[in-house]
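Those sequence lines, one after another, are chains A and B. Heads up, the first sequence is in the working numbering, so the first residue is 1 and it goes up one at a time. Heads up, the second sequence is in the working numbering, so the first residue is 1 and it goes up one at a time. Note that CB positions come from ideal geometry on N, CA and C, so glycine has one too. Beneath this line is the structure, given in structure tokens, with notes to follow.
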Amino acid sequence: MQSAKNHFSTPHIYFLKFVIAGLSLVVLVCLFIIFVNGFFYLNVDLLRAKAGVRSTPAVLPKEKFEIFVKGPPGALAKNGNVVLAVKADSNGQNISGFDLLIGYDNDAFNLVKASPQKTQFAIYPYQRNGYLAITGTKMINVNETTIFKEDEVIELVFQAKSGGRHTFSLEPAIGRETTKMVDGKANILNVQTNEITVDVD
Amino acid sequence: MENKIRPKLIIIGLTLAVCLIVGVLFFNRHLGRSRAANEKVALSADKTNLTLKAGESETIHIQILPKTAGAKISGFDLIFTAAGATIGVGQPQGINGGSVNFIQIAATDERVVYIIKGDDGSLPLGVDLPVTITAASNGAGSVGFMATSTVVGNISQYFYEIDPADTITVNGSPTTTPTGDLPVTPLPTPLPEGNANLNIKLKFQGIGAAPADHLNSMAVRIGVVREGEETPDFEDMPPVTFTAGDKGIWSGTLPYDLTDTGAKYKIYVKGPNHLQKKICDARPAETSPGTYRCSIGKIVLATGENDLDLSEIIQLSGDLPSQNGVIDAGDITLVRENFSQVEPKADINLDGVVDTQDYSLIISSMGVKYDEE
Numbered sequence: 001m002q003s004a005k006n007h008f009s010t011p012h013i014y015f016l017k018f019v020i021a022g023l024s025l026v027v028l029v030c031l032f033i034i035f036v037n038g039f040f041y042l043n044v045d046l047l048r049a050k051a052g053v054r055s056t057p058a059v060l061p062k063e064k065f066e067i068f069v070k071g072p073p074g075a076l077a078k079n080g081n082v083v084l085a086v087k088a089d090s091n092g093q094n095i096s097g098f099d100l101l102i103g104y105d106n107d108a109f110n111l112v113k114a115s116p117q118k119t120q121f122a123i124y125p126y127q128r129n130g131y132l133a134i135t136g137t138k139m140i141n142v143n144e145t146t147i148f149k150e151d152e153v154i155e156l157v158f159q160a161k162s163g164g165r166h167t168f169s170l171e172p173a174i175g176r177e178t179t180k181m182v183d184g185k186a187n188i189l190n191v192q193t194n195e196i197t198v199d200v201d
Numbered sequence: 001m002e003n004k005i006r007p008k009l010i011i012i013g014l015t016l017a018v019c020l021i022v023g024v025l026f027f028n029r030h031l032g033r034s035r036a037a038n039e040k041v042a043l044s045a046d047k048t049n050l051t052l053k054a055g056e057s058e059t060i061h062i063q064i065l066p067k068t069a070g071a072k073i074s075g076f077d078l079i080f081t082a083a084g085a086t087i088g089v090g091q092p093q094g095i096n097g098g099s100v101n102f103i104q105i106a107a108t109d110e111r112v113v114y115i116i117k118g119d120d121g122s123l124p125l126g127v128d129l130p131v132t133i134t135a136a137s138n139g140a141g142s143v144g145f146m147a148t149s150t151v152v153g154n155i156s157q158y159f160y161e162i163d164p165a166d167t168i169t170v171n172g173s174p175t176t177t178p179t180g181d182l183p184v185t186p187l188p189t190p191l192p193e194g195n196a197n198l199n200i201k202l203k204f205q206g207i208g209a210a211p212a213d214h215l216n217s218m219a220v221r222i223g224v225v226r227e228g229e230e231t232p233d234f235e236d237m238p239p240v241t242f243t244a245g246d247k248g249i250w251s252g253t254l255p256y257d258l259t260d261t262g263a264k265y266k267i268y269v270k271g272p273n274h275l276q277k278k279i280c281d282a283r284p285a286e287t288s289p290g291t292y293r294c295s296i297g298k299i300v301l302a303t304g305e306n307d308l309d310l311s312e313i314i315q316l317s318g319d320l321p322s323q324n325g326v327i328d329a330g331d332i333t334l335v336r337e338n339f340s341q342v343e344p345k346a347d348i349n350l351d352g353v354v355d356t357q358d359y360s361l362i363i364s365s366m367g368v369k370y371d372e373e
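Right, here's the structure in full:
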């Protein structure tokens, strides 16, 4: 046994080490090539996403709006009010305006009130068939920078008209309208969006 | 035992070190560049005014050039707008590039998407795109780009900002008028074509007198539809040049090929900074500015001259270039962020400067917000 071990540890073991090192190098080079190609195809995906070739954008925007239920907790009684809110994160960008498109069933809910939660902004809600469009603009006398960091920007009160499970969705786009932020240079910033469900007894 | 392990560790260590160095070089090359945000690219044409008869074609060259020295192009998604003309896009060529490998992702009559495969060294500093423009008729025509066009390159944020000032407009005939995307230059009086002329007078919100000469021309899209027909897309409506008189009444003539003299018509009007208005009467009126509404077209047209005085109602402002049929935060912010500037896109009342009057006008139109359909 000792003899066999000694026999295997001479030039063969150096050859084995050389093969292992070579294989490691090949694996790493392969991983590196995959990494590089990944970046190339990322570029392709960005363009394909713009061209509508893909339905899902390859890169999600970092700016986001998020709709959530502010209260009351639990299922909602018919004719009761639910308070929803939209919070925003502008990823460090100075924001001068925004547009929100909130899809909901007009037959199941009445909009009672829409209120701005940032005092620097005025809002202009507009009810459309199947959605609520809200434009927010920084007031003319406000010169300070506004960066959203998970800040509530809008509070909405809806009254339930019919039972069941209902969805409120922040729609990225409806027709030519879009949910977006607008920065201090009037550049359009696309945003992440979400949707929630509300149960009505 | 240590002597036997050491060579293996050295080899593996060296391998990892080499890969690490290569990786760092890669990151440095592709991701480590820190350039200013919103790097811009210009879209420009070698000819911006074409004189063509109906059916005639001419090829122009559109150049895509980054404004940052050394920045390169790795792809583009150009969406054209064409009114009164058709376009055909040829094979792109690199400008000052090495071995440029264009890969077509999508191509339609109005959209062309290419990526350019290669590393930084082989990417071009610009792209030359041949575009053949054919006049569809002897009427007005124009070709431009939609704001959603995209150019990407070897810059940290991938996407270039397309400089609006360099967006081009190409006129397709002697009677063409430019679109409202740029400060417009008056063109020769249109030569009537078709068997009817619609001599239209308009009044625009906030403009009470003729503006300065260099601003006294507006490309207004006019759509004429028979009652019962669908609402036209404003981008398909031909632009007509309007000029203002002393009282701020704007006049323009739309040549129209009238085929049905017994029909009733509606007219859609969309100014370059305005919401679309639907008009059903030859002499509409309103008691409060901006309140005129109608549903059934009652306008009767005849061959020859047709005078349509629409100046008793106002065209509400607010849908600024690039237009999307709605007043949104982008429009309002464009005004707000250009106070005291000379920015034709946001100068709603055409007094030469963007100020609180323009802001007030756009805010007052928020009660309507949408194009009429």
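A distance below 8 Å separates the beta carbons of Leu156(A) and Ala114(A). Within chain A, the residues placing a beta-carbon under 8 Å from that of Leu334(B) are Ala186, ordered along the chain. Counting along the chain, Leu361(B) sits inside no beta strand (DSSP E); it lies in the alpha helix (DSSP H) bounded by residues Thr356 to Ser364.
Between the alpha carbons of Thr132(B) and Ala82(B) lies a gap of roughly 12 Å. With 16 or more other Cβ atoms from the protein chains shown falling within 10 Å of its own Cβ, Lys270(B) counts as buried. A check of alpha carbon separations from Gln93(A) across Lys64(A), Gln192(A), Thr193(A) and Asp183(A) identifies Asp183(A) as the nearest. For Ile64(B) against Gly126(B), the beta-carbon gap comes to about 6 Å, under 8 Å, which counts as contact. If you keep only unbroken alpha helix (DSSP H) runs of at least 4 residues inside the segment 317 to 348 of chain B, you get 329 to 336.
Per the Cβ contact rule, the segment 261 to 275 of chain B is in contact with the segment 214 to 227 of chain B (3 or more Cβ pairs under 8 Å). Contacts with chain B at 8 Å (Cβ-Cβ) do not include Glu171(A). Burial state of Asn338(B) is buried, judged by a 10 Å Cβ sphere holding 16 or more other Cβ atoms.
Of the other Cβ atoms in all chains shown, 16 or more fall within 10 Å of the Cβ of Ala219(B); this residue is therefore buried. In the three-state reduction of the DSSP assignment, Glu152(A) falls in the strand class. Beta bridge pairing from DSSP links Tyr370(B) with Val326(B). Rounded to whole angstroms, the separation of the alpha carbons of Leu170(A) and Gly130(A) is 12 Å.
Of all residues in the segment 237 to 266 of chain B, none comes within less than 9 Å of chain A when Cβ atoms are compared.
Note that the C-beta distance between Lys161(A) and Phe109(A) is below 8 Å. Taking 8 Å as the threshold, the shortest C-beta distance from Val182(A) to chain B falls below it. Contact between the segment 95 to 106 of chain A and the segment 130 to 140 of chain A is established, with three or more Cβ pairs separated by less than 8 Å.
Your pair Leu129(B) and Leu308(B) does not check out as a contact, with CB atoms roughly 40 Å apart and the cut at 8 Å.
In the structure shown, Ala21(A) adopts helical secondary structure according to DSSP, grouped into three states. Under DSSP, Glu161(B) takes part in a beta bridge, and its partners are Lys40(B). Three or more Cβ pairs closer than 8 Å define a contact, and the segment 274 to 287 of chain B meets that threshold against the segment 312 to 323 of chain B.
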